[in-house]
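Colleague:
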Amino acid sequence: MPDEPEDDAAAPLFPSPPIEEQERMVEAVLFASREPLTPAEIAARLPQGCDAAQALERVRRRYEGRGVTLEQAGNSWAFRTAADLGWLLAREVVETRPLSRAAIETLAIIAYHQPVTRAEIEDIRGVAVSKGTLDLLIERNWVRLGRRRMTPGRPSTYVVTEGFLDHFGLESARDLPGLKELRDAGLLDNVPPGEAEPDPDDPNQPRMFEDPDD
Amino acid sequence: MPDEPEDDAAAPLFPSPPIEEQERMVEAVLFASREPLTPAEIAARLPQGCDAAQALERVRRRYEGRGVTLEQAGNSWAFRTAADLGWLLAREVVETRPLSRAAIETLAIIAYHQPVTRAEIEDIRGVAVSKGTLDLLIERNWVRLGRRRMTPGRPSTYVVTEGFLDHFGLESARDLPGLKELRDAGLLDNVPPGEAEPDPDDPNQPRMFEDPDD
Amino acid sequence: MPERAAWDQLFRDVPDGRTGALTGDDKTAAEALVVDVEGFEGPLDILLTLARSQKVDLRHVSILQLAEQYLAFVEEAKRLRIELAADYLVMAAWLAYLKSRLLLPPEPTEEGPSAEELAARLAWRLERLEAMREAGARLMGRDQLERDRFARGAPDTQTLRRTVIYDASLIDLLRAYSRIKTRDDYRPLHMNRAPVMTPEEAIERLRGLIGDVLDWRTLSSFLPASWREDPKRRRSATAATFVAMLELVRRGEAELRQQEVFGEITLRRRAADAR
Numbered sequence: 001m002p003d004e005p006e007d008d009a010a011a012p013l014f015p016s017p018p019i020e021e022q023e024r025m026v027e028a029v030l031f032a033s034r035e036p037l038t039p040a041e042i043a044a045r046l047p048q049g050c051d052a053a054q055a056l057e058r059v060r061r062r063y064e065g066r067g068v069t070l071e072q073a074g075n076s077w078a079f080r081t082a083a084d085l086g087w088l089l090a091r092e093v094v095e096t097r098p099l100s101r102a103a104i105e106t107l108a109i110i111a112y113h114q115p116v117t118r119a120e121i122e123d124i125r126g127v128a129v130s131k132g133t134l135d136l137l138i139e140r141n142w143v144r145l146g147r148r149r150m151t152p153g154r155p156s157t158y159v160v161t162e163g164f165l166d167h168f169g170l171e172s173a174r175d176l177p178g179l180k181e182l183r184d185a186g187l188l189d190n191v192p193p194g195e196a197e198p199d200p201d202d203p204n205q206p207r208m209f210e211d212p213d214d
Numbered sequence: 001m002p003d004e005p006e007d008d009a010a011a012p013l014f015p016s017p018p019i020e021e022q023e024r025m026v027e028a029v030l031f032a033s034r035e036p037l038t039p040a041e042i043a044a045r046l047p048q049g050c051d052a053a054q055a056l057e058r059v060r061r062r063y064e065g066r067g068v069t070l071e072q073a074g075n076s077w078a079f080r081t082a083a084d085l086g087w088l089l090a091r092e093v094v095e096t097r098p099l100s101r102a103a104i105e106t107l108a109i110i111a112y113h114q115p116v117t118r119a120e121i122e123d124i125r126g127v128a129v130s131k132g133t134l135d136l137l138i139e140r141n142w143v144r145l146g147r148r149r150m151t152p153g154r155p156s157t158y159v160v161t162e163g164f165l166d167h168f169g170l171e172s173a174r175d176l177p178g179l180k181e182l183r184d185a186g187l188l189d190n191v192p193p194g195e196a197e198p199d200p201d202d203p204n205q206p207r208m209f210e211d212p213d214d
Numbered sequence: 001m002p003e004r005a006a007w008d009q010l011f012r013d014v015p016d017g018r019t020g021a022l023t024g025d026d027k028t029a030a031e032a033l034v035v036d037v038e039g040f041e042g043p044l045d046i047l048l049t050l051a052r053s054q055k056v057d058l059r060h061v062s063i064l065q066l067a068e069q070y071l072a073f074v075e076e077a078k079r080l081r082i083e084l085a086a087d088y089l090v091m092a093a094w095l096a097y098l099k100s101r102l103l104l105p106p107e108p109t110e111e112g113p114s115a116e117e118l119a120a121r122l123a124w125r126l127e128r129l130e131a132m133r134e135a136g137a138r139l140m141g142r143d144q145l146e147r148d149r150f151a152r153g154a155p156d157t158q159t160l161r162r163t164v165i166y167d168a169s170l171i172d173l174l175r176a177y178s179r180i181k182t183r184d185d186y187r188p189l190h191m192n193r194a195p196v197m198t199p200e201e202a203i204e205r206l207r208g209l210i211g212d213v214l215d216w217r218t219l220s221s222f223l224p225a226s227w228r229e230d231p232k233r234r235r236s237a238t239a240a241t242f243v244a245m246l247e248l249v250r251r252g253e254a255e256l257r258q259q260e261v262f263g264e265i266t267l268r269r270r271a272a273d274a275r
């Protein structure tokens, strides 16, 4: 077994590979993974001195319009078959139980209102959210706990994950369909348009689209 | 290969997609498939009138020299990581474990008594030394074989290596502290033999039964 | 949703909130509602369905009419002895209150939001719920992973190369050597001086002594002089000698006697003829 060099942090012993070669490497690493990878995760597998971001961009461009394309979901990247060819691949579909209406609504509310507390979800739906519904969304890796709200009781908030973005083919939560229209119509607020902040106990009215990752 | 499906027995109801589009389809089908696919299997998934063999050949050429290549195994085709990049997918996990008691004692005896034969090590430890223990120390590049002893049977001797000195920060094996220094450092029991009653609770007191060799 | 259709049917027939006598068919439809209440996601969901039956944009829905529709639904449920969950009843109470305020001229002294504001707020909540419902549908209509877009079917398995590096420090090395040297220097000394008498030693000793013991002798009289003073050594020797006595009795070489509980244990050689 070769002895590991003791000093990893030192300057690279070899010059970094040419960018074309880095591109091949990124291609190989991403092809091999089902899960989206962040540039940092990719960089960790490349030799020292590689520019993962640049190589990634080259790969993305190379696959533009192909049958397989490089997709971004949040901060992560993955190869996915082009959406227009989905009909060809019907036999690859793994049957999953369809989501209940409650789960779909809850998911939409979390996506459009994130970060959102359980009480806010319940206010919008007008009904209690069952623990099972949230558990299911968390288990599918579409929803996770966000930061606690700085209000009395410090309630947990829910946000959508990169897994959610990947699943629904969204680059970021900002790309949710109809987001702008809903926001302009005041339908993502906690109070009807024109009504003042109604609740003096709740000074930090949650704001839409705080970045879940910051 | 002629592109004209005119003389086919069953004329397709729809014009077949352009070959570029067929290429995209083959790309997507192969990417999403869980198993390698034969040209016939691919053709069965493409719309009527497609030329799977030709599209496959175009895909193969497109991926030539890339990080991922289209490879044939028997009559089936699948995307594979380029052979020269396989190492990218192997993750190195380095685990550090403490040397076993048997190994560290053997190493200490070799360091203090080198050159020393296996029989001598066993004599000093009072326990047999397994071959695995010596092999481990040799593999770790801390011990190597020295000259044979000029005694009957010409047994091998063991000595410590440069790697050993390097790892333990010693100029030479003679730098190892002597018995008196060990005693002063509190490592050796410094009560001269025959004086005070040894305390049975003293962990340094040998037990009636040696721990089984580890 | 077939149950929903049945339900809509029921209320389309009574848009002004008055229910006439139910025919047999109506009754069947109303009973389908029992199932349907289960299917509804709370009072707001029912209100949204009722509002849609008004066939106008939600912004222009008549809240008064909506309140009446809802109250009619609750009445109907009561008549059919359908158990409604508490929140449906809370909503009914609130809507009854809202209805009365919408119908009566506003009292100037009354504080808080006006009836119109409350109505607007309800309308907005319905609109918001509907917006989220549509957003959910749009989300589900997107190109979903493993339905419309696919990940690599046969991802390469990551091989994990595990390298174990054994490590030790100089102090480990010195401790190890000291341990060996300590063992060498003191082992015989410690072994002899350990304040423990083994049963084997005691048996040897007792067998040597017992030949002379024709009369009962106490256990303690068998202890060697050097094991009598130090309590630890005395305890160990006593235990070992007792075990030795039992062993000799088992072998038929001696007899034991204890005349009272916790009394002295005495021993003598067993007469040869008694064997």
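Chains as they are written, first to last, in the UniProt record's numbering: chain R, 1 to 214; chain U, 1 to 214; chain A, 1 to 275.
In this text, a Cβ means the ideal position worked out from N, Cα and C, and glycines have one as well.
Remember, predicted model here, so these are calculated numbers, not experimental data.
If you follow the beta strand (DSSP E) that Leu-256 of chain A is in, where does it begin and where does it stop?
Modeller: 254–258
Colleague: Check whether the segment 65–82 of chain R touches the segment 87–107 of chain A, taking contact to mean three or more Cβ pairs, one atom from each stretch, closer than 8 Å.
Modeller: no
Colleague: Residues of the segment 110–144 of chain U with a CB closer than 8 Å to any CB of chain A: list them in chain order, please.
Modeller: Ala-111, Tyr-112, Ile-124, Arg-125, Gly-126, Leu-136 and Arg-140
Colleague: In chain order, which continuous runs of the alpha helix (DSSP H) of length 4 or greater are located wholly inside the segment 128–159 of chain A?
Modeller: DSSP assignment within the segment 128–159 of chain A yields no whole alpha helix (DSSP H) run of 4 residues or more.
Colleague: Check the Cβ of Thr-81 of chain R against every Cβ in chain A and list those closer than 7 Å, keeping chain order.
Modeller: Arg-149 and Phe-150
Colleague: Which residue's Cα is closest to the Cα of Leu-206 of chain A: A:Arg-81, A:Ala-120 and A:Ala-254?
Modeller: A:Ala-254
Colleague: Closer than 8 Å by C-beta to Ile-110 of chain U: which residues in its own chain qualify, once you throw out the five before and the five after it? Chain order, please.
Modeller: Val-116, Ile-121, Leu-137, Val-143, Tyr-158, Val-159 and Val-160
Colleague: Report the neighbours of Trp-124 of chain A on chain R: residues whose CB is nearer than 7 Å to its CB, in chain order.
Modeller: Result: Pro-192.
Colleague: What residues in the segment 14–36 of chain R bring their beta carbon closer than 8 Å to a beta carbon of chain U?
Modeller: Glu-23, Arg-24, Met-25, Val-26, Glu-27, Ala-28, Val-29, Phe-31 and Ala-32
Colleague: Could you tell me the boundaries of the alpha helix (DSSP H) in which Arg-270 of chain A lies?
Modeller: Arg-270 of chain A -> no alpha helix (DSSP H), and no H or E assigned at all.
Colleague: Let me know if Asp-51 of chain U comes out buried or exposed under the rule of 16 or more other beta-carbons within 10 Å of its beta-carbon.
Modeller: Looking at its Cβ environment, which holds 16 or more other Cβ atoms inside 10 Å, Asp-51 of chain U is buried.
Colleague: Keeping to the same chain, check which residues put their C-beta closer than 7 Å to that of Gly-163 of chain R; ignore five residues upstream and five downstream.
Modeller: Asn-141 and Trp-142
Colleague: Could you have a look at Val-160 of chain R and say whether DSSP puts it in helix, strand or coil?
Modeller: strand
Colleague: Report yes or no: do three or more beta-carbon pairs, one from the segment 92–112 of chain U and one from the segment 164–177 of chain A, lie closer than 8 Å?
Modeller: Touching, yes, given that three or more Cβ pairs across the two stretches are closer than 8 Å.
Colleague: Please say whether Gly-178 of chain R and Pro-43 of chain A have beta carbons closer to each other than 8 Å?
Modeller: no
Colleague: Secondary structure at Phe-79 of chain R, three-state DSSP: helix, strand or coil?
Modeller: strand
Colleague: Would Glu-105 of chain R pass as an interface residue toward chain A - the criterion being a Cβ-Cβ separation below 8 Å?
Modeller: yes
Colleague: Could you check whether the Cβ of Val-243 of chain A sits closer than 8 Å to any Cβ belonging to chain D?
Modeller: The question asks about chain D, but that chain is absent: this structure's protein chains are R, U and A.
Colleague: Please name the residue in R:Ser-33, R:Leu-46 and R:Ala-32 whose C-alpha comes closest to that of residue 233 of chain R.
Modeller: Summary: the structure shown does not reach residue 233 of chain R, with chain R confined to residues 1 through 214, and so no result is reported for it.
Colleague: Along the alpha helix (DSSP H) that carries Val-127 of chain R, what are the first and last residues, could you check?
Modeller: Here Val-127 of chain R belongs to no alpha helix (DSSP H), and DSSP marks it neither H nor E.
Colleague: I need the boundaries of the alpha helix (DSSP H) containing Arg-97 of chain R, first residue and last residue.
Modeller: That residue, Arg-97 of chain R, is in no alpha helix (DSSP H); it is neither H nor E in DSSP.
Colleague: Is Glu-41 of chain R close to chain A, meaning its C-beta is less than 8 Å from at least one C-beta of that chain?
Modeller: Taking a beta-carbon distance threshold of 8 Å, Glu-41 of chain R does not count as an interface residue toward chain A.
Colleague: Looking at C-alpha atoms only, which residue of U:Thr-81, U:Leu-176 and U:Leu-30 is the closest neighbour of Arg-91 of chain R?
Modeller: U:Leu-30
Colleague: Less than 8 Å between the beta carbons of Gln-69 of chain A and Val-61 of chain A, yes or no?
Modeller: No, the Cβ-Cβ distance between Gln-69 of chain A and Val-61 of chain A is not below 8 Å.
Colleague: Between A:Met-132, A:Arg-162, A:Pro-199 and A:Asp-215, which lies nearest to Arg-235 of chain A when the distance is taken from Cα to Cα?
Modeller: A:Pro-199
Colleague: Out of R:Asn-75, R:Arg-101, R:Asp-123 and R:Arg-148, which one is the CA nearest neighbour of Ala-135 of chain A?
Modeller: R:Arg-101
Colleague: Beta-carbon of Gly-74 of chain R versus every beta-carbon of chain A: anything under 8 Å?
Modeller: no
Colleague: What are the start and end residues of the alpha helix (DSSP H) that includes Glu-76 of chain A?
Modeller: Looking at the DSSP string, the run of the alpha helix (DSSP H) that includes Glu-76 of chain A is 63–79.
Colleague: So for Ala-85 of chain A, helix, strand or coil by DSSP?
Modeller: coil
Colleague: Helix, strand or coil: which one does DSSP assign to Thr-238 of chain A?
Modeller: helix
Colleague: Is it buried or exposed for Asp-7 of chain R, if we count other Cβ within 10 angstroms and need 16 for buried?
Modeller: Annotation note: pLDDT 47 at Asp-7 of chain R (below 50); position unreliable, coordinate value reported separately. Exposed, since its Cβ has fewer than 16 Cβ neighbours within 10 Å.
Colleague: Would you say Glu-71 of chain R faces chain U, with C-beta separation under 8 Å as the test?
Modeller: no
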